[in-house]
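K.L.:
Before I ask anything, let me first share the structure, which is written out below as structure tokens.
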Amino acid sequence: MGKIGGFFGVFTFPFFMNWNSLPAAAGAAAIVSLFGFVATVFLLPGTKSKSLGELSEEPATPAEPAAP
979 MGKIGGFFGV FTFPFFMNWN SLPAAAGAAA IVSLFGFVAT VFLLPGTKSK SLGELSEEPA
1039 TPAEPAAP
């Protein structure tokens, strides 16, 4: 998702700057940031109150063995 946001920002920033100056470019960046926030909150799995140490002991996928 971050790569898509970066692509969007790099290639559309000049267009927004020419169209309506800095407010349009900043508004577009805010919308993309908000979309990224919503995607992060609703699409990534939660940690279920586990510590970083507990998470590192679990396998990344069910078929992958845990790290020693």
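The opening position of the sequence shown corresponds to residue 979 in the working numbering, with each subsequent residue numbered one higher. Cβ atoms here follow ideal geometry from the backbone N, Cα and C, with glycine treated the same way. If you're wondering where the values come from, they're calculated on a predicted model, not measured in any experiment.
#1: Could you tell me if Ala-1003 is buried or exposed, where buried requires 16 or more neighbouring beta carbons within 10 angstroms of its beta carbon?
#2: Hey, could you find the ends of the alpha helix (DSSP H) Gly-1024 is sitting in?
#3: May I ask you to verify whether the stretch 1018-1031 touches the stretch 992-999, counting CB pairs closer than 8 angstroms and requiring at least 3?
#4: Is the beta carbon of Phe-986 closer than 7 angstroms to that of Val-1010?
#5: Going straight from the alpha carbon of Phe-1020 to that of Gly-1014, what length do you get?
P.N.:
With the given structure in hand:
#1: The residue in question, Ala-1003, is buried, as its Cβ has 16 or more Cβ neighbours within 10 Å.
#2: Where Gly-1024 is concerned, there is no enclosing alpha helix (DSSP H), given that its DSSP letter is neither H nor E.
#3: The stretch 1018-1031 vs the stretch 992-999: no contact.
#4: Taking the C-beta atoms as reference points, Phe-986 is found nearer than 7 angstroms to Val-1010.
#5: The alpha-carbon atoms of Phe-1020 and Gly-1014 are separated by roughly 10 angstroms.
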